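Peer 1: Residue numbers (the numbering used here): 14 to 95.
Every residue gets a Cβ at the ideal spot worked out from N, C-alpha and C, and that includes glycine.
Quantities reported herein were computed from a predicted structural model and do not represent experimental measurements.
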Amino acid sequence: QEQFSEDIKIIKTPGHSYDGLTLLVKTPDGVVAVCGDVFWEKDFLENDQYATDSEKLKESRKTVLESADRIIPGHAGMFKNE
Numbered sequence: 014q015e016q017f018s019e020d021i022k023i024i025k026t027p028g029h030s031y032d033g034l035t036l037l038v039k040t041p042d043g044v045v046a047v048c049g050d051v052f053w054e055k056d057f058l059e060n061d062q063y064a065t066d067s068e069k070l071k072e073s074r075k076t077v078l079e080s081a082d083r084i085i086p087g088h089a090g091m092f093k094n095e
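1. Assign G33 to buried or exposed, taking buried as 16 or more other Cβ atoms, counted over all protein chains shown, within 10 Å of its Cβ.
2. In this structure, how does DSSP classify V51 when only helix, strand and coil are distinguished?
3. Quick check on H88: buried or exposed, where buried means 16 or more other Cβ atoms within 10 Å of its Cβ?
4. For the structure I just gave you, are there three or more beta carbon pairs, one from the segment 71-88 and one from the segment 30-45, closer than 8 Å?
5. What three-state label does DSSP hand T76 in the structure shown?
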């Protein structure tokens, strides 16, 4: 984890790749996670056939879901975490 400011930090989110990172940004509308391929899109498949480590990916997804109000996935537009 690296904190750039009070509103911006990077966390490690391995699983899809060994070196996966997610950027968390506090905004007036809540926390936005820019998470690359931790999620491909809003309706993500539970099993990522390209994952380097499925268990770590599951943990990373849980972390992102617990941390963010909105998510920007790797292959589609931003969605609200509901």
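Peer 2: Let's see:
1. buried
2. Residue state, collapsed to three classes: coil.
3. exposed
4. yes
5. helix
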